[in-house]
Amino acid sequence: MEVKVISGDITKVKVDAAIVNLFEGVEHPGGATRAVDQALGGTISRLIGEGEIKGKLSEVTLIHTMGKMEPERVVVAGLGKQDKLTYDSIRGVMAATCRFLRKVGAKRVATVVHGAGAGGLDVEKAVQALTEGTILGLYTFRKHVTKEPEHGEIEELLIVEWDESKVPSLESSVRRGRVLAESTNFARDMINEPANYMTPSDMAEVAREVAADGGLEFNVLEREEMGKLEMGALLGVAQGSKQPPKLIVMGYRGGDPEASPLGLIGKGLTFDSGGISIKPSEGMDEMKGDMAGGAAVIAAMRAIAELRPRINVTGIVPATENLSGGAALKPGDVLKAMNGKTIEVVNTDAEGRLILADAICYARKLGLAPLIDVATLTGACRIALGDICTGALGNDQELVDRVIKSGEQVGEKIWQLPMYEEYKEQNKSEVADIKNTGGRYGGTITAAQFLAEFSEGTPWVHLDIAGPSFINKEQSYLIKGATGVAVRTLVNVALVLAGEQPE
Ligand code: BES
Ligand code: MN
Ligand code: ZN
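When we follow the numbering used here, the leftmost residue of the sequence shown carries the number 783, and every step to the right adds one.
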């Protein structure tokens, strides 16, 4: 879909549908809604008076213009209560409205900038949000469906702004919104892809293409190099599968060559059966999405390569399957990670922390700092926070705060969990330095305490996305299936650290 900014009068553009808006409780609309109402001879006011249009958040009312103005149709989109309006509600409104318009067959759509008038929002940020909401909300994954789709696609969105002088700055807002949303959809595609189409080798190939297109440094470590580096934990998880593991490394250099790059690390479990500690079969198919953290990192690198902030960023994705083949890791086995620490594998289903341990060691060896890892790590985090927000834990409060704030700015909710020393007790092993599970209680925290043994003194934040990475029903601009969560947060953190996005 193309997104363009034009200046002028929305009643005069030749489109299949024009989107205007209404706050809840407003009886006499102003601005563009008023202009459209007048051109339609008061139809909108009448529908408000009759109670058909209420202005509730994401309410959609379709009116055919019957030649009274250039657009074939007008949609009045509800913005909800004026004092509750946020940039995230604008994303949701555009998603709901454009999904509706797609069903009625609209190809060319125009919209006003919601919230920039009476809503009091910043016009540039509102334009970015409405671009994001539209592209994210129209996402579908139909790659393996051979049946014809029931609807076509919206081909063009025109954002209509009165003030011509604002057009150039709004074009860069559109660009930023488009890059963030398309990169999120790129992650969604990788995650929704079944595990037989998204093996560790496939993931490495996708990353290679992203790197080639974006001019990024690129490297993949194979089993042999992992052996030389003594990545016993990653190799241990990989040994139960025929698919060779890959450690994907992508580098973006936009900052001072002397400055240490921001390190983004993503769990790339392309299928997690649990291994010998096998998972129940019900819902196991969802574990094709256990590489959502890795996909988020690759997609964030894609966006960073396009936005070119003045900062250095390196993305690392340990990619493997966790299967129960004849050579598989067994409960009770002991592994040695790259930093020399030994790990008793109590449960082979706690594999994410094993592969991340070596990836974090490798990131430190490369001199990356600070570090942010993203992983579908624990079912416990999903139990604690549901699918609404990501869990954050770390060893540097300032960094944790920055990541949470960066998430807030892009509409991704992140909630911090504690890292009290006392939890370390649960990870103690009698046969090795540490064990890979700390029991049922506080499972997200003990998993993070495990990772902390490998990030050691480097400032680090761990994002557990087990809850929000995958949803079972549509929520606003998030479509059922993979959400692509964390892509926008990671990119925004890079922009904030580069000083290109105010905190
Ligand atoms: N990939 C899972 C966590 C997960 C569960 C992600 C549900 C998304 C949805 C992870 O590898 C895992 O199996 N964790 C175990 C750890 C336990 C054995 C300590 C879990 O959460 O049950
Ligand atoms: Mn597992
Ligand atoms: Zn897993």
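Heads up, the beta-carbon is just placed ideally off N, CA and C, and yes, glycines get one too.
Same chain, Cβ closer than 8 Å to G823, neighbours up to 5 away in sequence not counted: K850.
C-beta atoms of A821 and T793 nearer than 8 Å: Closer than 8 Å, so yes.
query: Which whole-angstrom value is the C-beta distance of T1096 and P1043, which I expect to be below 8 Å?
result: Cβ atoms of T1096 and P1043 come within 8 Å of each other, at about 5 Å.
- prompt: Between D1300 and L918, what straight-line distance do the alpha-carbon atoms span, to the nearest angstrom?
  reply: As shown, the chain starts at 783 and ends at 1285. That puts residue 1300 outside it, with no answer to give.
task: Within its chain, find whatever has a CB closer than 7 Å to the CB of L883; leave out the 5 residues flanking it on each side and keep chain order.
output: These residues qualify, in order along the chain: A799, V857, V891 and I936.
- prompt: Start and end of the alpha helix (DSSP H) containing A986?
  reply: Unbroken alpha helix (DSSP H) run through A986: P982 to G996.
message: Using CA atoms only, rank isn't needed, just tell me which of G1014, V1116 and E999 is closest to E1006.
response: Nearest of G1014, V1116 and E999 to E1006, Cα basis: G1014.
- request: Compute every distance between the C-beta of M1069 and the non-hydrogen atoms of the ligand BES, then say whether any falls below 7 Å.
  value: M1069 Cβ: within cutoff of the ligand BES.
Buried/exposed call for A994, threshold 16 Cβ in 10 Å: Exposed, because fewer than 16 other Cβ atoms sit within 10 Å of the Cβ of A994.
message: Distance check for K1049 and V787, CA to CA, integer angstroms please.
response: The C-alpha of K1049 is placed about 38 Å away from the C-alpha of V787.
message: Can you check which of these residues, T893, E930, K1147 and G1045, is closest to V818 by C-alpha distance?
response: Ranking T893, E930, K1147 and G1045 by Cα distance to V818 puts T893 first.
task: Specify whether the region 1242 to 1250 and the region 859 to 874 touch according to this definition: at least 3 beta carbon pairs, one from each stretch, less than 8 Å apart.
output: No, the region 1242 to 1250 does not touch the region 859 to 874.
- request: Sort out for me which residues DSSP pairs T1172 with in a bridge.
  value: Beta-bridge partners of T1172 (DSSP): I1196.
message: Classify Q1021: buried if its beta carbon has 16 or more other beta carbons within 10 angstroms, exposed otherwise.
response: Residue burial annotation: Q1021 is buried, with at least 16 other C-beta atoms found within 10 angstroms of its C-beta.
message: Taking 7 Å as the cut-off, is the beta-carbon of T1158 closer than that to any non-hydrogen atom of the ligand ZN?
response: It does: the Cβ of T1158 is within 7 Å (strictly closer) of some heavy atom of the ligand ZN.
query: Beta carbon of V785, beta carbon of L939: below 8 Å?
result: If you check the CB distance, V785 and L939 come in under 8 Å.
- prompt: Would you call Q1179 buried or exposed, if buried means 16 or more other Cβ atoms sit within 10 Å of its Cβ?
  reply: Burial call: exposed.
field: G1176 vs C1163 beta-carbon contact at 8 Å
entry: Their beta carbons are not under 8 Å apart, which means G1176 does not touch C1163 by this criterion.
query: On the three-state DSSP scale, how would you describe Y979?
result: It is coil, neither helix nor strand.
query: What is the DSSP secondary structure of V1095, reduced to helix, strand or coil?
result: In this structure, V1095 counts as strand in the three-state DSSP scheme.
- request: Assuming K836 and E806 form a contact by the criterion Cβ under 8 Å, report the distance between their Cβ atoms to the nearest whole angstrom.
  value: For a cut-off of 8 Å, the C-beta gap from K836 to E806 is around 6 Å, short enough to register as a contact.
query: Which whole-angstrom value is the C-beta distance of L1046 and V1079, which I expect to be below 8 Å?
result: 5 Å between Cβ atoms; contact.
- prompt: Ordered along the chain, which non-local residues of its own chain (more than five positions away) have a Cβ less than 6 Å from that of A1229?
  reply: Once the five neighbours on either side are set aside, the close Cβ partners of A1229 are R1135, L1159 and T1160.
field: Sufficient close CB pairs (3 or more, under 8 Å) joining the region 972 to 988 to the region 1021 to 1030
entry: Between the region 972 to 988 and the region 1021 to 1030 there are three or more inter-stretch CB-CB distances shorter than 8 Å, so the stretches are counted as touching.
message: Going by beta-carbon coordinates alone, are T1052 and M1032 separated by less than 8 Å?
response: Contact flag unset, no.
task: With a 10 Å radius around its C-beta and 16 neighbouring C-beta atoms as the bar for buried, classify A1041 as buried or exposed.
output: Note on A1041: under 16 other CB atoms within 10 angstroms of its CB, so exposed under the neighbour-count rule.
task: Please confirm whether K1070 and P950 have their CB atoms less than 8 Å apart.
output: Their beta carbons are not under 8 Å apart, which means K1070 does not touch P950 by this criterion.
- request: Measuring alpha carbon to alpha carbon, tell me which of P1062, G1075 and E1285 ends up nearest V1156.
  value: Closest by alpha carbon: G1075.
query: Rounded to whole angstroms, how far is the Cβ of G1193 from the Cβ of Y921, which I believe are closer than 8 Å?
result: 15 Å between Cβ atoms; not a contact.
task: Please name the residue or residues paired with E938 in a DSSP beta bridge.
output: Residue pairing from DSSP places E938 in a beta bridge opposite E784 and R890.
Where the beta strand (DSSP E) through K1118 begins and ends: Taken as a continuous stretch (DSSP letters only), the beta strand (DSSP E) holding K1118 covers V1116 to K1118.
- prompt: To the nearest angstrom, how far is it from the Cα of L829 to the Cα of E964?
  reply: Distance between the alpha carbons of L829 and E964 is about 37 Å.
- request: Pick out whichever of G1189, G1018 and S1188 has its Cα sitting closest to the Cα of A1109.
  value: Put simply, of G1189, G1018 and S1188 the residue whose alpha carbon is nearest the alpha carbon of A1109 is G1018.
message: Using the Cβ count rule (16 or more neighbours within 10 Å means buried), how would you classify S1063?
response: Of the residues assessed, S1063 falls on the exposed side of the cut-off, its CB having fewer than 16 other CB atoms within 10 angstroms.
- prompt: Can you pull every residue whose C-beta falls closer than 5 Å to some heavy atom of the ligand ZN, listed in chain order?
  reply: Those residues are L1051, D1054, D1072 and G1134, given in chain order.
query: Who does E999 pair with in a DSSP beta bridge?
result: Answer is G1033.
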